[in-house]
Amino acid sequence: MPTLYLIRHAKSSWKDSRLDDLDRPLNSRGERDAPEMGRRLAARKVSADQIITSPALRAKTTAGVIAGATGFPAERIIFNEDVYLATPTTLLDIICSLDDAWQSVFIFGHNPGFTQLANMLCNAEIENVPTCGIVAVDFPGKKWVEIPRSNGKMLFFDFPKNKSDL
Numbered sequence: 000m001p002t003l004y005l006i007r008h009a010k011s012s013w014k015d016s017r018l019d020d021l022d023r024p025l026n027s028r029g030e031r032d033a034p035e036m037g038r039r040l041a042a043r044k045v046s047a048d049q050i051i052t053s054p055a056l057r058a059k060t061t062a063g064v065i066a067g068a069t070g071f072p073a074e075r076i077i078f079n080e081d082v083y084l085a086t087p088t089t090l091l092d093i094i095c096s097l098d099d100a101w102q103s104v105f106i107f108g109h110n111p112g113f114t115q116l117a118n119m120l121c122n123a124e125i126e127n128v129p130t131c132g133i134v135a136v137d138f139p140g141k142k143w144v145e146i147p148r149s150n151g152k153m154l155f156f157d158f159p160k161n162k163s164d165l
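Put into structure tokens, the structure is as follows:
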């Protein structure tokens, strides 16, 4: 059964208005939250067969931190320009093209696409996936291409300010 982890980038800095959106780094809260969410995934014994991230610095940094916390080799992270500010349709296209050998995939990206896709995949009513939020969705079947026709089951929705699962 394929399992997808939609992970929104950690909180980014708006301090330097001259920076291009792609180049915005994490702020101090993001630098604190990313390792915490990595620890939470590791505590759940979650690991990735593949990690894919937006090329935005804030997403790449979050992906690298969480990869380290969960034992995924940073050099194997795939940077996919199509994830940057993607619509749910674009994200679904990316997901449907995933290698079926990968049964657990982390995708790091942005809102509003991540919140919209999470709600669509598992018929949820998440108002907002906050920064560094994680939506884990399990799918019946064995192939990623089957996901648009399947009803995903939300395994968990976690985010830095959530204290209920701890």
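Residues in the sequence shown are numbered consecutively from 0, following numbering that gives the first Met the number 0. All residues carry an ideal CB built from backbone N, CA and C; glycine is no exception.
Straight-line Cα distance separating residue j from residue i
i           : j           : result
residue 204 : residue 19  : Since the first residue shown for the chain is 0 and the last is 165, residue 204 is missing from the structure and cannot be characterised.
residue 160 : residue 31  : 12 Å
residue 249 : residue 51  : As shown, the chain starts at 0 and ends at 165. That puts residue 249 outside it, with no answer to give.
residue 119 : residue 146 : 11 Å
residue 165 : residue 81  : Confidence at residue 165 is low in this model, with a pLDDT of 49, below 50, so its placement is unreliable and the value that follows should be read with caution. Going from the Cα of residue 165 to the Cα of residue 81 covers about 34 Å.
residue 54  : residue 74  : 14 Å
residue 148 : residue 15  : 43 Å
residue 117 : residue 27  : 27 Å
residue 89  : residue 97  : 13 Å
residue 129 : residue 76  : 23 Å
residue 93  : residue 79  : 9 Å
residue 163 : residue 155 : 11 Å
Closest Cα partner of residue i within the set the options
i           : options               : result
residue 101 : 92, 49, 158 and 81    : 49
residue 72  : 105, 97 and 87        : 105
residue 112 : 121, 91, 96 and 122   : 91
residue 87  : 77, 76 and 108        : 108
residue 114 : 22, 85 and 10         : 85
residue 3   : 78, 163 and 142       : 142
residue 158 : 123, 76, 133 and 95   : 133
residue 83  : 17, 151, 110 and 10   : 110
residue 13  : 126, 63 and 25        : 25
residue 63  : 89, 130 and 34        : 34
residue 135 : 144, 121, 127 and 126 : 121
Supposed contact pair residue j and residue i - C-beta distance, whole angstroms, cut 8 Å
i          : j          : result
residue 0  : residue 99 : So it is not a contact: roughly 11 Å between Cβ atoms.
residue 29 : residue 7  : Residue 29 to residue 7, Cβ: 11 Å. No contact.
For this session: Entirely within the segment 27-114 and at least 3 residues each: give me those beta strand (DSSP E) ranges in chain order.
Result: Whole beta strand (DSSP E) segments, 3+ residues: 49-52 and 103-108.
Exercise. Taking contact to mean at least 3 C-beta pairs separated by less than 8 Å, is the segment 54-68 in contact with the segment 29-45?
Worked result: yes
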